[in-house]
Amino acid sequence: MKISLTVIETLIWHDTPQLFIAKDLVGGFHLCLAVDDTGELPHYITVAISQARLQLLKSGKIDLHSIFANPEMGTWFQITSFEGNQAIIEPIPELKQLPEEWLPQPGEFLPLQPLLRPETFEALKVGAVAKEAGMNPTLLRQYLAGVKRPSPEQARRVQDALHRVAQRLLEVRFV
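Under our numbering, the residue at position 97 of the sequence shown is numbered 164, and the numbers go up by one with no gaps.
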């Protein structure tokens, strides 16, 4: 049985998608992993994944190994056709478990996404926003790079500072 998927989010990219989320025609989610990169295109395996388990993965509460070693539906799929953001998958027949070399290492989690998105700051000086927020510019740069994670209070301070700057920009008038 062939299933059509549409890529909705790339989680890890190195020259080609290495890990991504796709949706089937009825709204089911699939997590797709490049497992062999020796050919022209990577060889991908996929597992169906519930929205709840996907949230556990994204929040760092479950690792990639657990998801691929123990798929919720007990079935692994392979991508047989991949073009643009469209893929066709088929079940891998008679597979009882994935080869160890295809599995992510135990304890391998998704890289945490920064709470503050760097593209928000492209048109602004980070130092000016940090000054408006009353924080160290180096610390804000570390938040933006994902080196450190701001506390909810710090993220709120930056957000409020951005809103104040935006409000001042809205008040600019050319005569």
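By construction, the Cβ of each residue, glycine as well, lies at the ideal position given by its N, Cα and C atoms.
Taking each of His81, Glu76 and Ala101 in turn and checking the Cα distance to alanine 89, the smallest one comes out for Glu76. With fewer than 16 other CB atoms across the displayed protein chains lying within 10 angstroms of its CB, tryptophan 80 is exposed. Where glutamine 221 is concerned, there is no enclosing beta strand (DSSP E), although the alpha helix (DSSP H) around it starts and stops at 219-237.
The alpha-carbon of threonine 73 is positioned some 23 Å away from that of proline 160.
Only exposed fits leucine 162, as fewer than 16 other CB atoms lie within 10 angstroms of its CB. Put simply, the backbone Cα of lysine 192 is about 14 Å away from that of histidine 230.
Between alanine 154 and glutamine 164, the alpha-carbon positions lie close to 23 Å from each other. Only buried fits leucine 124, as 16 or more other CB atoms lie within 10 angstroms of its CB.
Judged by DSSP in its simplified three-state form, valine 74 adopts strand.
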